[in-house]
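Heads up, the thing below is written out as structure tokens.
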Amino acid sequence: MQECLDKLQKDRNINVAILNATAFAWVRQNPQFKISIPILGDDYMIAPAVKKGDKALLKWINQEMDTLQKDGFFIQIYEASLQPFYGKELGAENLLYNQE
Numbered sequence: 001m002q003e004c005l006d007k008l009q010k011d012r013n014i015n016v017a018i019l020n021a022t023a024f025a026w027v028r029q030n031p032q033f034k035i036s037i038p039i040l041g042d043d044y045m046i047a048p049a050v051k052k053g054d055k056a057l058l059k060w061i062n063q064e065m066d067t068l069q070k071d072g073f074f075i076q077i078y079e080a081s082l083q084p085f086y087g088k089e090l091g092a093e094n095l096l097y098n099q100e
């Protein structure tokens with residue numbers, strides 16, 4: 001990915017498609033570029049992995065994720081850590097999964 005972004009800076013690429021969080025962070029550091037298509041394709045989620053067949057752990061993780069989401073934990077963490085960096089350019093709805 002870094003090689004593609006380096007080539008973009010050196011005018012060897014005319015476009016690059018990468019994850020939203022990465023793209024917005026890179027453009028923030030390279031303001032001569034812009035995001036022309038903010039959403040392309042289906043949502044892509046990053047999630048914890050569980051060994052196949054470990055139903056107890058899967059159930060526990062799902063319950064914890066539901067509780068954390070309902071308690072607003074993920075929004076709080078986003079606001080404390082990512083929002084100061086991304087500003088208004090990339091909202092929580094672009095990075096966080098909302099099960100509601």
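Take the sequence shown: its letters are residues 1 to 100, numbered as in the UniProt record's numbering.
Note that beta-carbon positions come from the ideal geometry of N, C-alpha and C, so glycine has one too.
Predicted model, so just to flag it, every value in this text is computed and none were measured.
- In the DSSP annotation of this structure, I18 is not part of any alpha helix (DSSP H), being labelled neither H nor E.
- Between L96 and I75, the gap from beta carbon to beta carbon is short of 8 Å.
- L58 carries a helical assignment under DSSP once its states are collapsed to helix, strand and coil.
- A check of alpha carbon separations from V50 across D43, K59, S36 identifies K59 as the nearest.
- Excluding five sequence positions before and after K34, the CB atoms of its chain that fall closer than 8 Å to its own CB belong to V27, given in chain order.
- Apart from sequence neighbours up to five positions away, the residues of its chain that approach Y78 with a beta-carbon distance below 8 Å are A92, L95, L96, ordered along the chain.
- Collapsing the DSSP output to three states places Q32 in coil.
- Relative to the Cα of P84, the nearest Cα in the group A25, L5, L40, A17 belongs to A25.
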